[in-house]
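Participant:
Chains as they are written, first to last, in our numbering: chain A, 1422 to 1633; chain B, 74 to 100.
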């Protein structure tokens, strides 16, 4: 009997712990000033961003969290579209690796896309985007995979010979250490020579919409 | 095809990819 009571006590303890943890899980706008201090957003920008987050996170399930379907829906206005990059960006936003985005993850990731964000943050993010296997370098095979996938998504058609030739030339230029891969330093040098590679890393909307 | 050889693979990915996060802000 005593053992049984002890078991019930332990179970209650575990349940209370779980509830407590769940309550502490930050979902919404807890303290805009902390986020404003730790990102490039102003307090009013954080508040405006939260309104956007609420809209996106309630599109499919109104739970104050963004799942992949809601993420795709917000980006493309359809959840049917296949996009390697949308998947990749979602995974990079999802720093807790639990398949959903809370407001803090969303705001911290979007902060990199702010016009005032440091260039190095944009370079790092774009590097991670292309480093599909997260090995700390971009392999030729990853580049080929991305080229083929994005061409297929867009309906553009290039022969394998042309694709191979473009990738050869890219590595001739970027892979200055001649080890068959592009590391972060080589990526940084390539991006500085071709600033257009960071074009999608800046969203003017974050300044215009969030302050209006 | 000659012109396509002058762009690098990442520029090509950028052109072909539909990824543009501005979709978040458009109704």
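Ideal Cβ placement from N, Cα and C applies to all residues, glycine included. All values reported here derive from a predicted model rather than from experimental measurement.
Near residue 1579 of chain A, which residues of its chain fall below 7 Å by C-beta distance, leaving aside the five closest residues on each side in sequence?
Facilitator: 1572
Participant: State the beta-bridge partners of residue 1488 of chain A as determined by DSSP.
Facilitator: A/1521
Participant: Evaluate contact between the stretch 1484-1502 of chain A and the stretch 86-99 of chain B, counting only Cβ atoms and requiring at least three cross-stretch pairs below 8 Å.
Facilitator: yes
Participant: Find out if the Cβ-Cβ distance for the pair residue 1487 of chain A, residue 1478 of chain A is shorter than 7 Å.
Facilitator: yes
Participant: Establish whether the CB of residue 100 of chain B and some CB of chain A are separated by less than 7 Å.
Facilitator: no
Participant: What does the alpha-carbon distance come out to for the pair residue 1467 of chain A and residue 1582 of chain A?
Facilitator: 48 Å
Participant: At which residues does the alpha helix (DSSP H) containing residue 1514 of chain A begin and terminate?
Facilitator: According to the DSSP assignment, residue 1514 of chain A belongs to the alpha helix (DSSP H) that extends over 1505-1514.
Participant: For chain B, find out if any of its Cβ atoms is closer than 7 Å to the Cβ of residue 1462 of chain A; answer yes or no.
Facilitator: no
Participant: With DSSP collapsed to three states, give me the class of residue 1602 of chain A.
Facilitator: strand
Participant: If the criterion is Cβ atoms closer than 7 Å, does the pair residue 1544 of chain A and residue 82 of chain B meet it?
Facilitator: One thing to note: residue 1544 of chain A has its Cβ no nearer than 7 Å to the Cβ of residue 82 of chain B.
Participant: How close, in whole Å, do the beta carbons of residue 84 of chain B and residue 1617 of chain A come, if the pair is a contact with beta carbons under 8 Å?
Facilitator: Taking C-beta atoms under 8 Å as the contact rule, residue 84 of chain B and residue 1617 of chain A qualify, at a distance of about 6 Å.
Participant: Measuring only the C-alpha atoms, how far is residue 90 of chain B from residue 1607 of chain A?
Facilitator: 22 Å
Participant: Taking Cβ positions, are residue 1528 of chain A and residue 1456 of chain A nearer each other than 7 Å?
Facilitator: Cβ distance < 7 Å, so residue 1528 of chain A and residue 1456 of chain A count as in contact.
Participant: Of all the options A/1592, A/1557, A/1481, which has the alpha carbon lying nearest to the alpha carbon of residue 1565 of chain A?
Facilitator: When A/1592, A/1557, A/1481 are compared, the shortest CA-CA separation from residue 1565 of chain A is found for A/1592.
Participant: Which bits of chain B does residue 1564 of chain A rub up against, with CB to CB less than 9 Å?
Facilitator: By Cβ distance, chain B contributes 82, 83, 86.
Participant: Among A/1471, A/1614, A/1601, A/1609, which one has its Cα closest to the Cα of residue 1451 of chain A?
Facilitator: A/1471
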